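Peer 1: One structure is given below, represented as structure tokens, and several questions about it will come after.
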Amino acid sequence: MSTIQLTDAPAGIEGQGFFATSFEKAVGLARANSIWPLPFATSCCGIEFMATMASNYDLARFGSERISFSPRQADLLMVMGTIAKKMGPVLRQVYLQMAEPRWVIAVGACASSGGIFDTYSVLQGIDKVIPVDVYVPGCPPRPEQIIDGITKIQELVKNEPIRRRNSPEYKALLASYGIQ
Amino acid sequence: MSTISNGYILNEISEQFPDSVIDSLESYGMLSIEVKANDIIAILSFLKTHPQIQMNFLTDVCGIHYPDQIGKELGVVYHLHSFTNNVRLRLKCFVPSEKPEIHTITSVFEAANWQERETFDFYGIEFVGHPNLTRILNVDEMDYFPLRKEYPLEDQTRTDKDDSYFGR
Amino acid sequence: MEKIETSYDYKPEFTQLNLGPTHPATHGIFQNILTMDGEIIVNAEQTVGYIHRAFEKIAEKRPYYQVTPLTDRLNYCSSPINNMGWHMTVEKLLGVETPKRVDYMRIIIMELARIADHLICNSVIGVDVGALTGFTYVFQWREKIYDIYEEICGARLTTNIGRIGGLERDFSPACLKKIKEFIAEFPAALIEFTNLLERNRIFMDRTIGAGPISVDRALAYGFTGPNLRAAGLDYDVRVMNPYSSYQDFDFVIPIGTQGDTYDRFMVRQQEMWESLKIVKQAFENLPEGKFFADVPDFFLPPKEEVYHNMEALIFHFKIVMGEADVPVGEVYHAVEGGNGELGYYLVSDGGRAAYRLHFRRPCFIYYQAYPEMIKGSTLSDAIVTMSSMNVIAGELDA
Chain X
-13 MSTIQLTDAP AGIEGQGFFA TSFEKAVGLA RANSIWPLPF ATSCCGIEFM ATMASNYDLA
47 RFGSERISFS PRQADLLMVM GTIAKKMGPV LRQVYLQMAE PRWVIAVGAC ASSGGIFDTY
107 SVLQGIDKVI PVDVYVPGCP PRPEQIIDGI TKIQELVKNE PIRRRNSPEY KALLASYGIQ
Chain S
144 MSTISNGYIL NEISEQFPDS VIDSLESYGM LSIEVKANDI IAILSFLKTH PQIQMNFLTD
204 VCGIHYPDQI GKELGVVYHL HSFTNNVRLR LKCFVPSEKP EIHTITSVFE AANWQERETF
264 DFYGIEFVGH PNLTRILNVD EMDYFPLRKE YPLEDQTRTD KDDSYFGR
Chain R
148 MEKIETSYDY KPEFTQLNLG PTHPATHGIF QNILTMDGEI IVNAEQTVGY IHRAFEKIAE
208 KRPYYQVTPL TDRLNYCSSP INNMGWHMTV EKLLGVETPK RVDYMRIIIM ELARIADHLI
268 CNSVIGVDVG ALTGFTYVFQ WREKIYDIYE EICGARLTTN IGRIGGLERD FSPACLKKIK
328 EFIAEFPAAL IEFTNLLERN RIFMDRTIGA GPISVDRALA YGFTGPNLRA AGLDYDVRVM
388 NPYSSYQDFD FVIPIGTQGD TYDRFMVRQQ EMWESLKIVK QAFENLPEGK FFADVPDFFL
448 PPKEEVYHNM EALIFHFKIV MGEADVPVGE VYHAVEGGNG ELGYYLVSDG GRAAYRLHFR
508 RPCFIYYQAY PEMIKGSTLS DAIVTMSSMN VIAGELDA
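Residue numbers (the working numbering), protein chains in the order written: chain X, -13 to 166; chain S, 144 to 311; chain R, 148 to 545.
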């Protein structure tokens, strides 16, 4: 008996030799279980991310084995650590280079809100420059919390309508950040 | 333990540069001497090449701001360390905030390069003759010197913070 | 006759390569604009400050005990050393004598932190030359050190360990058991890690001669810590100016000769053995006594007393509001951090917060030597040089 668990099939119609479901759900299932993260690690939270990737916590169990250091091939931008005002444009550039569909997770207090660094040089949350899907609190968050954030992203990815990225709401969201 | 005393170092400097030493204080085992800003290169070279003192290592350079000391508002603090004698020394120079200029010490200690840039970045102290005196930590567009006492710590562009919750 | 122009002209042509601020091979965010002649680096121009967080300005606004969380975030690979260094600086200002037990407990924590710091640095050198196995292997042992921290203070990475005057609580039996297990089991793991890399032909070929620096140049650039020792000078703050009873312990300072990447790796490897030796000695000779010094103005009283005892409540209130009296003065205190001499220059005007606090961050000072170390070498050597220097962005930019 193998211990490998298969993911549950989405709702659909099953019969002798066939299984029918909506295209959206099939795509969502595939995407959610093979998210390629781009670690944008700047400080302390990056070390906790290393712990998350390493043997004890092993993020690969959730389908994120392949770390993509190139934004072109990444699905998920993981921003970990303080983003200073000097770094803001760089972060935005990386986000712009990513292809749709793209998700963003802000790991840690600094990325979410500036954290304890309410200072002249620190960007008060990355949602000032790019839209964020999931915020993970903590300074730094434990690896379990980071994994929890990734599973939250997986839920979003799984249930995302296939036309969401073309919807006027999404375009309005991007426009509010000045992204075409 | 150190093999030469703080008093010996102070004597040597006072003898060599009688007009330069303004003040001296020994606190927590470390000698702290205030010297004239113009003589800093000469004093550092003297300490570095002195056969007994041999202050061969520059530990640290940093700035300090005393807005109430009229005429010498901005200070540069040098920490030196002699590995051979295991003795540490603090030198201080003060410059007025209207004309905050002091000669760079990169010709004596190369390690001062970035530390002087940091001091310039934080306090706006001009290090004359520095090879590349530009901002190092902050963005180039910044138009003030953030660690001077008159500038606030907090991000002034914040819109989501209600001051009444913070007692301001 | 007209001169015929050749299509080729032997003018050297350089390429600009932008290494960073986000580059998979740089650990942290620093930019290096490299001028390359083929694969050879001709010049490098550095930009730092991408996570400048204004620690020194924050420290001028916060009471002393609230500065400890800031020091955590300097070199976050070994934050307990930074915490302890800060506590000792304030204790020096106040003139507090800590009991022997506090010193020994602190040494156990600091040396475990040094092991954790060097583990991450050395395994990442392995990753940069293509050996990921060592990294996944030693990270389990970092997790064990994290477990010990969790028993002591409840946090993993940014520990905020200890208080001014001592530690917040004594080592619990579970913690002592974990330290004992670590001392017993870690040597086998470190030997296995050593076997993976130390005499590995590929690893040696990649690291020997990469990014060397002579001892004179290292001193001129203000190197301290393992990087200076790899160049061949045995300067260690723990021995030169012993703090926290380091003079009671028997350990050696490993030094290198070439100052290249392999020497830096080997110095860190040996330091882990020495740190383990110190942990063992401190653990075996842990004196009995109190885990805090007698500084009621700074050391929080136990919670039970705060609820039932008027005096304790007053002290608790004074500490939390940061109203304790401090002497006027200037202190410089240095500890041997993971990367070298970590100094705290504290100017007190008697107020609730420091008038000026400057951190002497070893990374910031020695990273300026990087262009000189990589000039004339290949890009791949530059990458391993950077990882072996162990430049930590938090400490670099403060």
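No residue lacks a Cβ here, since even glycine has one placed at the ideal position from N, Cα and C. Predicted, not measured: the structure shown is a model, and the values here were computed from it.
#1: Between leucine 375 (chain R) and glycine 403 (chain R), what straight-line distance do the alpha-carbon atoms span, to the nearest angstrom?
#2: Suppose only complete runs of 4+ residues qualify. What are the alpha helix (DSSP H) ranges in the stretch 63 to 119 of chain X, listed by chain order?
#3: What residues from chain X crowd round glutamine 287 (chain R), counting only those whose CB sits closer than 9 Å?
#4: Is it the case that the Cβ atoms of isoleucine 530 (chain R) and asparagine 486 (chain R) are separated by a distance below 8 Å?
#5: Under 9 Å between beta-carbons, which chain S residues line up against valine 478 (chain R)? List them in chain order, please.
#6: Cutting at 6 Å between CB atoms, please list the residues of its own chain near isoleucine 262 (chain R), excluding the five before and the five after it.
#7: Would you kindly report the start and end of the unbroken alpha helix (DSSP H) that includes leucine 366 (chain R)?
#8: Let me make sure I understand the geometry here. Which of S:Pro243, S:Asp203 and S:Asn281 has the alpha-carbon closest to that of arginine 233 (chain S)?
#9: Quick one: is asparagine 228 (chain S) near chain R, going by C-beta distance under 8 Å?
#10: The beta strand (DSSP E) spanning lysine 235 (chain S) covers which residue range?
#11: For threonine 245 (chain R), collect the residues of the same chain with a Cβ closer than 6 Å to its Cβ; drop the 5 residues on either side in sequence, then sort them by chain order.
#12: Would you mind stating whether valine 482 (chain R) and methionine 252 (chain R) have Cβ atoms separated by less than 8 Å?
#13: So if I threshold CB-CB distances at 8 Å, which residues from the stretch 85 to 116 of chain X count as touching chain S?
#14: Can you give me the C-alpha to C-alpha distance between aspartate 383 (chain R) and tyrosine 479 (chain R), rounded to a whole angstrom?
#15: From threonine 169 (chain R) to tyrosine 454 (chain R), what does the alpha carbon distance come to, in whole angstroms?
#16: Take glycine 185 (chain R) and list the residues in its own chain whose beta-carbon comes closer than 7 Å to its own, dropping the five residues that flank it on each side.
#17: Select from the stretch 204 to 225 of chain R all residues with a C-beta closer than 7 Å to any C-beta belonging to chain X, and list them in chain order.
#18: I'd like to check one pair, methionine 64 (chain X) with tyrosine 197 (chain R): are the Cβ atoms closer than 8 Å?
#19: Could you please give me the residues that DSSP links to histidine 208 (chain S) through a beta bridge?
#20: Taking 7 Å as the limit between beta carbons, can you name the residues of its chain near threonine 306 (chain R), skipping five residues before and five after?
#21: Identify every residue that forms a DSSP beta bridge with asparagine 165 (chain R).
#22: Run down chain C in chain order and give the residues with a C-beta less than 7 Å from the C-beta of glutamate 253 (chain S).
#23: When the Cα atoms are used, what is the spatial distance from tyrosine 163 (chain X) to glutamine 83 (chain X)?
#24: With a threshold of 6 Å on Cβ separation, who are the neighbours of aspartate 126 (chain S) within its own chain once the five nearest residues in sequence on each side are excluded?
#25: Look at proline 448 (chain R) and phenylalanine 464 (chain R) and say whether their C-beta atoms are less than 8 Å apart.
#26: Here's the rule: buried if 16 or more other CB atoms are within 10 angstroms of the residue's CB, otherwise exposed. What is glutamate 0 (chain X)?
#27: Report buried or exposed for threonine 227 (chain S), applying the criterion of at least 16 other Cβ atoms within 10 angstroms of its Cβ.
#28: Could you give the DSSP three-state label for serine 175 (chain S): helix, strand or coil?
#29: Report yes or no: is there a C-beta of chain S within less than 8 Å of the C-beta of tyrosine 517 (chain R)?
#30: Check whether the Cβ atoms of asparagine 42 (chain X) and glutamate 290 (chain R) lie closer than 8 Å to each other.
#31: Return helix, strand or coil for isoleucine 245 (chain S), following the three-state DSSP convention.
#32: Along the chain, where does the alpha helix (DSSP H) that runs through valine 467 (chain R) open and close?
#33: Using Cβ-Cβ distances below 7 Å, what residues of the stretch 500 to 524 of chain R are close to chain S?
#34: Which residues of chain R have a Cβ atom closer than 8 Å to the Cβ of methionine 229 (chain X), listed in chain order?
#35: Looking at the secondary structure, which residues open and close the alpha helix (DSSP H) in which leucine 423 (chain R) lies?
#36: Let me check understanding here. Comparing Cα to Cα, which of X:Thr7, X:Ala70, X:Ser29 and X:Ser56 lies closest to proline 127 (chain X)?
Peer 2: Looking at the coordinates:
#1: 9 Å
#2: Runs of the alpha helix (DSSP H) lying entirely within the stretch 63 to 119 of chain X, each at least 4 residues long, are 74 to 83 and 95 to 99 in chain order.
#3: Ala40, Ser41 and Asn42
#4: No; because the gap between Cβ atoms is not below 8 Å, this pair is not in contact.
#5: Contacts between valine 478 (chain R) and chain S, judged by CB atoms closer than 9 Å, involve Ser170, Tyr171 and Met173 in chain order.
#6: Met419 and Ser422
#7: 362 to 367
#8: S:Asp203
#9: no
#10: 230 to 238
#11: Ala440
#12: Their beta carbons are not under 8 Å apart, which means valine 482 (chain R) does not touch methionine 252 (chain R) by this criterion.
#13: The stretch 85 to 116 of chain X vs chain S, Cβ under 8 Å: Gly100, Asp104, Thr105, Tyr106, Ser107, Val108 and Gln110.
#14: 16 Å
#15: About 51 Å.
#16: none
#17: Residues are counted here when their Cβ sits less than 7 Å from a Cβ of chain X; for the stretch 204 to 225 of chain R these are Lys204, Ile205, Pro216, Arg220, Tyr223 and Cys224, given in chain order.
#18: No; because the gap between Cβ atoms is not below 8 Å, this pair is not in contact.
#19: DSSP lists S:Leu217 as partners of histidine 208 (chain S).
#20: Asp219, Ser226, Pro227, Asn230, Tyr296 and Cys300
#21: For asparagine 165 (chain R), the pairing in a beta bridge is given by DSSP as R:Ile180.
#22: Although the question refers to chain C, the structure presented lacks it and instead comprises the protein chains X, S and R.
#23: 15 Å
#24: One cannot answer for residue 126 (chain S) here, as it falls past the ends of chain S, which runs 144 to 311.
#25: no
#26: exposed
#27: exposed
#28: strand
#29: No, tyrosine 517 (chain R) lies away from the interface with chain S (no Cβ there is under 8 Å from its Cβ).
#30: Judged by beta-carbon spacing, glutamate 290 (chain R) lies within the 8 Å limit of asparagine 42 (chain X), meaning their Cβ atoms are closer than that value.
#31: Strand, per DSSP.
#32: Where valine 467 (chain R) is concerned, the enclosing alpha helix (DSSP H) stretches over 457 to 468.
#33: Arg503, His505, Arg507, Phe511, Ile512 and Gln515
#34: Because chain X is modelled from -13 through 166, residue 229 (chain X) falls outside the range shown and cannot be assessed.
#35: 408 to 431
#36: X:Ser29
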